[in-house]
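Enquirer: Start counting the sequence shown at 1; every next residue gets the next number (full-length UniProt numbering). Beta carbons are placed, not taken as given, at the ideal position from N, Cα and C, and that holds for glycine.
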Amino acid sequence: MTTLTISNLCKSFGDVDVLHDINLAVQSGEFVVLVGPSGCGKSTLLRLIAGLEDIIDGTIQIGERVINDVEADKRGIAMVFQSYALYPHMSVEQNIGFCLRVARQPSALIREKVQDVAQTLQIEQLLKRKPGELSGGQRQRVAIGRAIVRDPDVFLFDEPLSNLDAELRVQMRLELMKLHNRLKATMIYVTHDQVEALTMADKIVVMRDGVIEQEGTPIELFNNPCNKFVAGFIGTPK
Ligand code: ADP
Ligand code: MG
Numbered sequence: 001m002t003t004l005t006i007s008n009l010c011k012s013f014g015d016v017d018v019l020h021d022i023n024l025a026v027q028s029g030e031f032v033v034l035v036g037p038s039g040c041g042k043s044t045l046l047r048l049i050a051g052l053e054d055i056i057d058g059t060i061q062i063g064e065r066v067i068n069d070v071e072a073d074k075r076g077i078a079m080v081f082q083s084y085a086l087y088p089h090m091s092v093e094q095n096i097g098f099c100l101r102v103a104r105q106p107s108a109l110i111r112e113k114v115q116d117v118a119q120t121l122q123i124e125q126l127l128k129r130k131p132g133e134l135s136g137g138q139r140q141r142v143a144i145g146r147a148i149v150r151d152p153d154v155f156l157f158d159e160p161l162s163n164l165d166a167e168l169r170v171q172m173r174l175e176l177m178k179l180h181n182r183l184k185a186t187m188i189y190v191t192h193d194q195v196e197a198l199t200m201a202d203k204i205v206v207m208r209d210g211v212i213e214q215e216g217t218p219i220e221l222f223n224n225p226c227n228k229f230v231a232g233f234i235g236t237p238k
């Protein structure tokens, strides 16, 4: 089943064209990894999907529903940023539960959901701390927790592990894969780490200068890159 359909999506900032005619279908439960050089438009694409930028040209659908004009918090999409984007003055518990409080859910239910998420991410002992009292890895767990608690249809990750050291990155990568299997959620994951792309993806999408150069399974792209650029990016020795 197709969860997310992007059709003829274009985006410019002033007279700078950033995305040109992006077409992409993401299946339900699929783990899609988006790669490409810095500045090629990966974050812009995620921000358009998340509702953080206006869509002027093209459509984005969740299932059959066009979400171009649906507000960000009503799309069933949660985004995790490289920079964590936590509220510094709130505790971990308050950060994770924030969107549920905004949605006026009963406080007992919020406590229960936050506990459940904290257990999944093994951060129960951190619930009373503020983000300033956490390590980078712990902060990123909280940011992921804040996404999970919303129970979204689609998760968007924008280079979530790139601020972490190599060892922690490997550990978090494995945990994200487990989470993906457990939640059976649809995930789009931006990285410029080729190992992450090859090991995590059901499907890799390679972007360059605002266009999709090629998409396919890691094996398809590794064995049959459509050009030297994709080969270089995926690491095929050609
Ligand atoms: P990536 O995530 O692949 O590194 P981005 O999507 O962040 O790339 O950026 C793509 C291009 O769009 C860059 O040239 C960037 O400078 C430009 N851009 C992104 N956001 C804005 C903005 N709000 N205003 C103007 N230009 C932007
Ligand atoms: Mg980016």
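State yes or no: is the C-beta of Val142 within less than 8 Å of the C-beta of Asn181?
Expert: Sequence index remark: in the sequence shown, residue 142 carries index 142 (1-based). Sequence index remark: in the sequence shown, residue 181 carries index 181 (1-based). Contact: no.
Enquirer: Assuming Ala201 and Pro218 are in contact, meaning their beta carbons sit under 8 Å apart, how far apart are those beta carbons, in whole angstroms?
Expert: Here residue 201 is taken as the residue at index 201 of the sequence shown, counted from 1. Here residue 218 is taken as the residue at index 218 of the sequence shown, counted from 1. Right, the Cβ-Cβ distance comes to about 6 Å (below 8 Å), so this counts as a contact.
Enquirer: Does Ala108 pass the burial test, meaning 16 or more other C-beta atoms within 10 Å, or should it be called exposed?
Expert: As a first step, residue 108 is located in the sequence shown; it is residue number 108 there, counting from the start. That one is exposed.
Enquirer: Where Thr5 and His192 are concerned, what is the direct C-alpha to C-alpha distance, given to the nearest angstrom?
Expert: In the sequence shown, the residue the question calls residue 5 occupies position 5. In the sequence shown, the residue the question calls residue 192 occupies position 192. The straight-line gap from Cα to Cα measures roughly 23 Å.
Enquirer: Checking the sheet assignment: what are the DSSP bridge partners for Gln27?
Expert: As a position in the sequence shown, residue 27 is number 27, starting the count at 1. Its beta-bridge partners are Thr2.
Enquirer: Mapping the DSSP letters down to three states, classify Phe233 as helix, strand or coil.
Expert: Residue 233 sits at position 233 when you count from the first residue of the sequence shown. Helix, per DSSP.
Enquirer: Using the Cα positions of Lys113 and Val206, report the straight-line distance between them to the nearest angstrom.
Expert: Locating residue 113 in the sequence shown gives position 113, counting from the first residue. Locating residue 206 in the sequence shown gives position 206, counting from the first residue. Rounded to whole angstroms, Lys113 to Val206 spans 36 Å at the Cα level.
Enquirer: Taking the continuous beta strand (DSSP E) assigned at Asp158, which residues delimit it?
Expert: For the purposes of this step, residue 158 is taken as the residue at position 158 of the sequence shown. Per DSSP, Asp158 belongs to the beta strand (DSSP E) from 154-158.
Enquirer: In three-state DSSP terms, what is Met187?
Expert: Working through the sequence shown from its first residue, we reach residue 187 at position 187. In the structure shown, Met187 sits in a strand (DSSP, three-state: E or B).
Enquirer: Is Thr59 buried or exposed, if buried means 16 or more other CB atoms sit within 10 Å of its CB?
Expert: By one-based count along the sequence shown, residue 59 stands at place 59. By the neighbour-count rule (16 or more Cβ atoms within 10 Å), Thr59 is not buried but exposed.
Enquirer: With contact counted as at least three CB pairs below 8 Å, one residue from each stretch, are the region 125-145 and the region 62-69 in contact?
Expert: The region 125-145, when compared against the region 62-69, does not touch it at the 8 Å Cβ threshold.
Enquirer: According to DSSP, is Lys238 helix, strand or coil?
Expert: Translated into positions along the sequence shown, residue 238 becomes position 238. With a pLDDT of 49 at Lys238, under the threshold of 50, the predicted position of this residue should be treated as unreliable, though the coordinate-derived value follows. Lys238: coil per DSSP, three-state reduction.
Enquirer: Should Ser43 be counted as a contact of ligand 1 given a C-beta to heavy atom distance under 7 Å?
Expert: Here residue 43 corresponds to residue number 43 of the sequence shown, with the count starting at 1. Yes, since a heavy atom of ligand 1 falls inside the 7 Å radius drawn around the Cβ of Ser43.
Enquirer: Where does Ala166 land, buried or exposed, given buried means 16+ other C-beta within 10 angstroms?
Expert: As a working note, residue 166 is residue 166 in the sequence shown. When all chains shown are included, Ala166 counts as exposed.
Enquirer: On the criterion of 16 or more Cβ atoms from any shown chain inside 10 Å, does Arg85 qualify as buried, or is it exposed?
Expert: Locating residue 85 in the sequence shown gives position 85, where the first residue counts as 1. A small fix is needed here, since residue 85 is Ala in this sequence, not Arg. Its Cβ having fewer than 16 others within 10 Å, Ala85 is exposed.
Enquirer: Taking C-alpha atoms, which residue in Asn224, Val80, Gln27, Leu19 lies nearest to Ala185?
Expert: Position 185 of the sequence shown, counting from 1, holds the residue named residue 185. Selected option, being the one with the closest Cα: Gln27.
Enquirer: Less than 7 Å between the CB of Val16 and some heavy atom of ligand 1, yes or no?
Expert: Along the sequence shown, read from residue 1 onward, the residue named residue 16 stands at position 16. Result yes, Cβ under 7 Å from ligand 1.
Enquirer: For His89, which residues of its own chain have a beta-carbon under 8 Å away from its beta-carbon, when the five flanking residues on both sides are left out?
Expert: Locating residue 89 in the sequence shown gives position 89, where the first residue counts as 1. Excluding residues within five positions, the ones whose Cβ falls inside 8 Å are Lys130.
Enquirer: Apart from the five residues just before and just after Asp57, which ones in its own chain have a Cβ nearer than 6 Å to its Cβ?
Expert: In the sequence shown, residue 57 corresponds to position 57, counting from 1. These residues qualify, in order along the chain: Cys10.
Enquirer: Throw me the rounded Cβ distance for the Lys203 and Glu215 pair, which I believe falls under 8 Å.
Expert: On the sequence shown, residue 203 is found 203 positions in, with the first residue counted as 1. On the sequence shown, residue 215 is found 215 positions in, with the first residue counted as 1. That belief holds up - the Cβ atoms of Lys203 and Glu215 are roughly 6 Å apart, short of 8 Å.
Enquirer: For Asp87 and Ala147, what's the separation of their Cα atoms in angstroms?
Expert: In the sequence shown, the residue the question calls residue 87 occupies position 87. In the sequence shown, the residue the question calls residue 147 occupies position 147. Just to set this straight, residue 87 is Tyr in the shown sequence, not Asp. Near 14 Å, if we compare the C-alpha coordinates of Ala147 and Tyr87.
Enquirer: Under 8 Å between C-beta atoms, does Asp153 make it to chain B?
Expert: You won't find chain B in this structure, because it holds only one protein chain.
Enquirer: Secondary structure at Ser38, three-state DSSP: helix, strand or coil?
Expert: Walking along the sequence shown from the start, residue 38 turns up at place 38. Residue state, collapsed to three classes: coil.
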